[in-house]
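A.B. asks: Pasting in a structure now, in structure tokens, and then I'll have a few things to ask.
Residue numbers (the working numbering): 29 to 204.
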């Protein structure tokens with residue numbers, strides 16, 4: 029009996045790395061989610077069925093609905109040679125961000141991961157056109173490409189969708 033249990037445990041440990049990315053590894057959307065990334069991208073991104081994919085901008089994105097335009101987007105682009113770390117990226121990006129949002133105020137900054145790749149998460153508030161927003165950006169560098177996931181909501185709607193956003197990040201999977 030001990031040998032059987034040990035054998036089953038060994039099989040489970042071998043299989044665990046093969047099942048990373050949850051349902052994303054199967055090429056099918058997790059139940060209750062739809063894929064919004066296309067085949068040409070180096071990742072799979074899924075959003076809950078209630079969200080509306082928005083492919084009109086050329087950026088992988090989705091929004092909640094017309095009355096609540098809370099939205100997410102994923103951008104990826106090759107880094108230039110001067111950027112070698114997440115810290116370098118944020119240091120170069122932050123002045124532009126502050127130029128757009130002069131009242132930007134950080135709520136939280138934390139280390140994170142994106143499909144096992146080290147990442148940084150920035151949560152901040154800012155206002156534009158008389159509305160107060162709360163924004164989460166998660167940045168990760170993989171194969172000299174920076175991946176930027178952004179969740180934007182009005183400050184009063186941010187918490188209403190954070191569980192969906194966490195699920196999107198949990199199901200996110202690099203494909204290459």
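Don't be surprised by glycine CBs; every beta carbon is placed ideally from N, CA and C.
Buried or exposed: which applies to residue 154, given that a residue is buried once 16 or more other Cβ atoms fall within 10 Å of its Cβ?
C.D. replies: With 16 or more other Cβ atoms within 10 Å, it is buried.
A.B. asks: Closest by CA to residue 176, which one among 91, 101, 97 and 203?
C.D. replies: Ranking the options by Cα distance to residue 176, first place goes to 101.
A.B. asks: Report buried or exposed for residue 59, applying the criterion of at least 16 other Cβ atoms within 10 angstroms of its Cβ.
C.D. replies: By the 10 Å Cβ count, residue 59 comes out exposed.
A.B. asks: Leaving out five residues on either side along the sequence, give the residues of the same chain with a beta carbon under 6 angstroms from the beta carbon of residue 164.
C.D. replies: Correct list, in chain order: 151 and 179.
A.B. asks: How far does the alpha helix (DSSP H) with residue 193 in it reach, from first residue to last?
C.D. replies: Looking at the DSSP string, the run of the alpha helix (DSSP H) that includes residue 193 is 186 to 199.
A.B. asks: Is residue 196 buried or exposed, if buried means 16 or more other CB atoms sit within 10 Å of its CB?
C.D. replies: It counts as buried.
A.B. asks: Between residue 131 and residue 103, what straight-line distance do the alpha-carbon atoms span, to the nearest angstrom?
C.D. replies: Going by the C-alpha atoms only, they are around 24 angstroms apart.
A.B. asks: Indicate whether the contact test is met: 3 or more Cβ pairs, each with one atom in the stretch 155 to 162 and one in the stretch 71 to 83, closer than 8 angstroms.
C.D. replies: No, they do not touch.
A.B. asks: Could you check what DSSP says for residue 203 in three-state terms: helix, strand or coil?
C.D. replies: DSSP places residue 203 in coil when its eight states are reduced to three.
A.B. asks: On the DSSP bridge list, what partners appear for residue 76?
C.D. replies: According to DSSP, residue 76 bridges with 61.
A.B. asks: Compare the Cα-Cα distances from residue 76 to each of 70, 89 and 66 and report the closest residue.
C.D. replies: Among 70, 89 and 66, the Cα nearest to that of residue 76 is on 89.
A.B. asks: At 4 residues or longer, and completely inside the stretch 92 to 168: list those alpha helix (DSSP H) runs for me, N to C.
C.D. replies: The qualifying runs are 114 to 128.
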